[in-house]
Structure formats: C-alpha cells, structure tokens
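In the working numbering, the protein residues as written are 379 to 508.
Below is one structure, written out as structure tokens; comments come after it.
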C-alpha cells in the first residue's frame, strides 16, 4: 500500500544526558535529520551543553507510495578539527504517517550493543497528507 503523499513536520525540542565527547567541558552539539541520504537537514549548534535546547522545526516532503520510512537522527559534537558522533537513532514513521498519530516523546540514543545510552533527544513529529 505505502504511505500517502504529504508533509512530515519534525520539531527538534531538546536533548538530555548527552555522552561527553570532549576531554574538557561539555559538547557543542548539533543534530542531523534525514529520511534518505539525498536530503539531510541540520540544526544549529548549541555551545558547551550536554542538555541542549533547540526548538527547531524541519519539514520533509514524503512522496506517495513510500513505505517503511524511518527518520534518521544523528547527534554530533562540533569540534575544530573534526566533528565527533555522540549517538544516533532511527524512528519508524509507520504509526505517525499511516495511523495519523502525532509523536511527542524522547528517543534514546543507544550506545554500543544497546546496553547503555549516549543520551536522549526529544522530538515532536506530525504528518499531514496532501
């Protein structure tokens, strides 16, 4: 069957308990969001915080017939030489898109083997069919 065409609105609210990638001080985190590799969106950076607040909105257009889409979330730490990955996660969109259920919750950033956590990201996601 697949998804109907429409607009996915993602609000990146905040993150908490981010695993510190820096030897001194806190992270300078930003978040990358994407449905496929062709169109990644990126938040602003929050300086020196392991509990950043963004309240930024991102819009993704979904084409009709797409199926089993996931929202990919990657939290990065901005550094002078190269940025470090803090953690990443995937959010299945089936219930949000097909069921019309808005999502407003914390997404865990599982550490290696999923035994611990690299922090959490608070997302609000809605879908509006066109």
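C-beta: ideal position from N, C-alpha, C; glycine also.
| query | result |
| --- | --- |
| Residue 392 versus residue 384 - alpha carbon distance | 25 Å |
| Integer Cβ distance of residue 464 from residue 496, believed to fall under 8 Å | 6 Å |
| Enclosing beta strand (DSSP E) for residue 482 [first to last residue] | 481-488 |
| 8 Å contact criterion, which residue 381 and residue 444 should meet: CB distance rounded | 5 Å |
| Nearest-angstrom beta carbon gap, residue 412 and residue 421 [assumed within contact, 8 Å] | The pair is not a contact, with the Cβ atoms about 12 Å apart (cut-off 8 Å). |
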